[in-house]
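Enquirer:
In full-length UniProt numbering, the protein residues as written are 1 to 648.
Structure representation (structure tokens):
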């Protein structure tokens, strides 16, 4: 029986591999593939114009017939790995990059795995793979049928396996090309952050300070280059060291970079090579006094100026602290220039200047100081701005020739800052309640005899007059002890002051001689004065807040004033006008005014000060400032370490 069964089984196996049976199986597979393509086309996953080959799915396992699987036990099923999912991510803003860096991969995966997006390219490929996998199962015979057909392995099974793998590869390629040519674009789901974005950091620096680190628009690539790897650049560094240290990027060469520790705007070599016949004019770029440099330091082109006047009455004793005088709490910021005029100054003028330098500190230097008898004037400026000042010139006028000691007269200092010329005059006019005409004569003599400017050219000579020095400058500040009084007796003035006027001094100013003469145009023509909201600055008892209690009973008056004039309308804006009641070493109270003055660009062809200042005074003032601070700390330390014992 077994002998009979052997030949019958071999004949059955040969019949199973006969051409007729293979043709039937191919016809069945072809019909199943057409059915699968029709179903996939109805679902919209595969376009009809690019049908894939009737092959098993690229995503499923490769299944062989049963008789071939038995003979090829060593050959495992092959599962082609699909391509990686594309990392699609929307561009993050600068504020989101630091927040999203640590969860970038997670957000990308969530955006690609959204089940609600039916038109996603990933989902379409997966659906197409499912349809192809169904066709593969339809054309493959069942395991039972394979087992029933026999257990032999034909010699052509290896070649057929290779052919089947090639068909799978071509089918998968046609599938991907069909999706690419169909014109369908993948749609990405909208990414929404899981928590609110971090707040944007704001720059707290003021407008004037922010411009110090401004980079020109032509050199904007420097900032991007240096964000990658800052480092100190030495003059001896070679190009290889610069590139090796990450200090030079592709868009920025070693020849055009700037130091990461410098606040100066970079200068390109091509700009240095260029020659311009406009050099030194208003239209040239890169001029020292030009518009670019002015906008860098003053974006709004306004400079802050502090102007003060004080009749010291010739006292040797100086105030212990000048902070309330030079550095008032309102406004919060110090000014760019400090101009202080003194009448009847102290005997030691140098000591007075040292005290000014000590109070203002290392941020300021004394640009100029001049004297005419006991008339003193000192000009301090921020040390960063000293390079933009012209040569400083001064002149004096004596109004009392008979007196050997020059107590009455005028002292003027002038210079040009960028393209704006300044004139500062401090005066001490004739005293006396009824000597108004003498004071007007002092004014007329001053404007005619003050010989300024000398070497510095006039910024607008067409609007100048040889008979009036104040017409030869853009901005003029005149301050001092003008000695104009109130045309009212002492009792009437005291009764008005006792009415608790607070800041309304209009009742007193109705009797002011200077306001009356200015309204008539007989003095200070073209000048203005800020509104007065402080009590009369003259005459006090020394060391007290009470007005004159001597037998003379002088009437309180506004003798100390600050007036100003400008060639251009609204160039000068008065910010504050007040007195300093805390300084009581004289019978006069100091009077000061804060101004905002518009500055214009200038030319480089004027004689410059070349950064000169009183260095000796600067060192002495800073040394005293340090000594005072150390002494203060030592006193605080001694006070904490001391103990007081009491015996009951």
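All C-beta atoms in this analysis are idealised placements derived from N, C-alpha and C, irrespective of residue type, glycine included.
1. With DSSP run on the structure shown, which of helix, strand or coil describes residue 115?
2. Which residue wins for smallest C-alpha separation from residue 329, given the options 578, 633, 585, 624?
3. Per DSSP, what kind of secondary structure is residue 493 in: helix, strand or coil?
4. For residue 537, count neighbouring Cβ atoms within 10 angstroms of its own Cβ and tell me buried if that reaches 16, exposed if not.
5. So, for residue 454: in the same chain, excluding its five sequence neighbours on each side, which residues have a beta-carbon less than 6 Å away from its beta-carbon?
6. Taking only three categories from DSSP, how would you classify residue 388?
7. Buried or exposed: residue 556, going by 16 or more other Cβ atoms within 10 Å of its Cβ?
8. Going along the chain, which residues of its own chain have a beta-carbon closer than 8 Å to the beta-carbon of residue 347, five neighbours each way excluded?
9. Leaving aside the five residues before and after residue 293 along the sequence, list all residues of the same chain whose C-beta is less than 6 Å from its C-beta, in chain order.
10. Pick out whichever of 426, 447, 391, 335 has its Cα sitting closest to the Cα of residue 407.
11. Which partner residues does residue 478 have in the DSSP bridge list?
12. Could you please give the first and the last residue of the uninterrupted alpha helix (DSSP H) stretch that includes residue 616?
13. Rounded to the nearest angstrom, how far is the Cβ of residue 376 from that of residue 338, given a contact under 8 Å?
14. Taking the DSSP output, what are the residues bridged to residue 368?
15. To which residues does DSSP link residue 321 through a beta bridge?
16. Is the segment 461-475 touching the segment 547-561, taking contact as three or more C-beta pairs under 8 Å?
17. Can you name the start and end residues of the beta strand (DSSP E) that residue 339 belongs to?
18. May I ask which residues mark the beginning and end of the beta strand (DSSP E) holding residue 594?
19. Taking all protein chains shown into account, decide if residue 568 is buried (16 or more other Cβ within 10 angstroms of its Cβ) or exposed.
20. So what does residue 553 bridge to, in DSSP terms?
21. Should residue 640 be labelled buried (16 or more other beta-carbon atoms within 10 Å of its own) or exposed?
22. Write down the C-beta distance between residue 324 and residue 582 rounded to the nearest angstrom, noting that I regard them as a contact closer than 8 Å.
23. The ligand ATP heavy atoms versus the CB of residue 511: any closer than 6 Å?
24. What separation, rounded to the nearest whole angstrom, lies between the Cα atoms of residue 510 and residue 617?
25. Quick one: residues in its chain with C-beta nearer than 7 Å to the C-beta of residue 413, no 5 flanking neighbours on either side, listed in chain order?
26. Can you tell me the Cα-Cα spacing of residue 603 and residue 290, whole angstroms?
27. Between residue 322 and residue 355, how many whole angstroms is the CB-CB distance? I'm expecting something under 8 Å.
28. For residue 486, count neighbouring Cβ atoms within 10 angstroms of its own Cβ and tell me buried if that reaches 16, exposed if not.
29. Assign residue 448 to buried or exposed, taking buried as 16 or more other Cβ atoms, counted over all protein chains shown, within 10 Å of its Cβ.
30. Going by DSSP, what residue range makes up the alpha helix (DSSP H) through residue 311?
31. Which same chain residues end up closer than 7 Å to residue 613 when comparing Cβ atoms and leaving out the 5 residues on each side of it in sequence?
32. Would residue 302 pass as a contact of residue 565 if the rule is Cβ separation under 7 Å?
33. For a quick check, are the C-beta atoms of residue 358 and residue 624 less than 7 Å apart?
34. Is it right to say residue 608 is buried, meaning 16 or more other beta carbons lie within 10 angstroms of its own, or is it exposed?
35. When the Cα of residue 300 is compared with those of 599, 605, 489, 23, which residue comes out closest?
36. Cβ of residue 309 within 7 Å of Cβ of residue 638?
Expert: In terms of the structure at hand:
1. Annotation note: pLDDT 47 at residue 115 (below 50); position unreliable, coordinate value reported separately. Coil, per DSSP.
2. Among 578, 633, 585, 624, the Cα nearest to that of residue 329 is on 578.
3. Correct three-state label for residue 493: helix.
4. With a 10 Å radius around the Cβ and a threshold of 16 neighbouring Cβ atoms, residue 537 comes out buried.
5. Cβ within range, chain order: 393.
6. Looking at residue 388 - three-state DSSP - the assignment turns out to be helix.
7. Under this definition residue 556 is a buried residue.
8. For residue 347, same chain residues with a beta-carbon under 8 Å away, outside a window of 5 residues either side, are 314, 316 in chain order.
9. Within the same chain, and ignoring the five residues on either side of residue 293 in sequence, no residue has its Cβ closer than 6 Å to its Cβ.
10. When only C-alpha atoms are compared, the closest one is 426.
11. Note: residue 478 sits in a beta bridge opposite 425, 563.
12. Note, residue 616: alpha helix (DSSP H), 615-641.
13. In fact, because the Cβ distance is near 14 Å, the residues do not count as touching under 8 Å.
14. The partner list for residue 368 (beta bridge, DSSP) reads 379.
15. DSSP lists no partner for residue 321.
16. Cβ pair count under 8 Å is below three, so no.
17. Its beta strand (DSSP E) spans residues 337-343.
18. Per DSSP, the continuous beta strand (DSSP E) segment holding residue 594 begins and ends at 591-598.
19. Of the other Cβ atoms in all chains shown, fewer than 16 fall within 10 Å of the Cβ of residue 568; this residue is therefore exposed.
20. The partner list for residue 553 (beta bridge, DSSP) is empty, contrary to what the question assumes.
21. By the neighbour-count rule (16 or more Cβ atoms within 10 Å), residue 640 is not buried but exposed.
22. At roughly 5 Å, the Cβ-Cβ gap stays under 8 Å, so residue 324 and residue 582 are in contact.
23. Absence of the ligand ATP is noted for the structure shown, with no ligands found whatsoever.
24. So the alpha carbons of these two residues sit roughly 44 Å apart.
25. Close CB contacts of residue 413 within its chain, under the 7 Å cut and outside five residues either way in sequence, are with 368, 370, 377, 379, 392, 394, 424 (chain order).
26. Taking the straight line joining both Cα atoms gives about 7 Å.
27. Confirmed, Cβ separation roughly 6 Å.
28. The residue is buried, with at least 16 neighbouring Cβ atoms inside 10 Å.
29. Residue 448 is exposed by the Cβ-count criterion.
30. That residue, residue 311, is in no alpha helix (DSSP H); its beta strand (DSSP E) goes 302-311.
31. Cβ neighbours of residue 613 beyond the five flanking positions: 365, 366, 367, 386.
32. At the C-beta level, residue 302 and residue 565 stay beyond 7 Å of one another.
33. Yes. Within cutoff.
34. So residue 608 counts as buried.
35. Out of 599, 605, 489, 23, the CA that lies nearest to the CA of residue 300 is found in 599.
36. No, they are not a contact pair.
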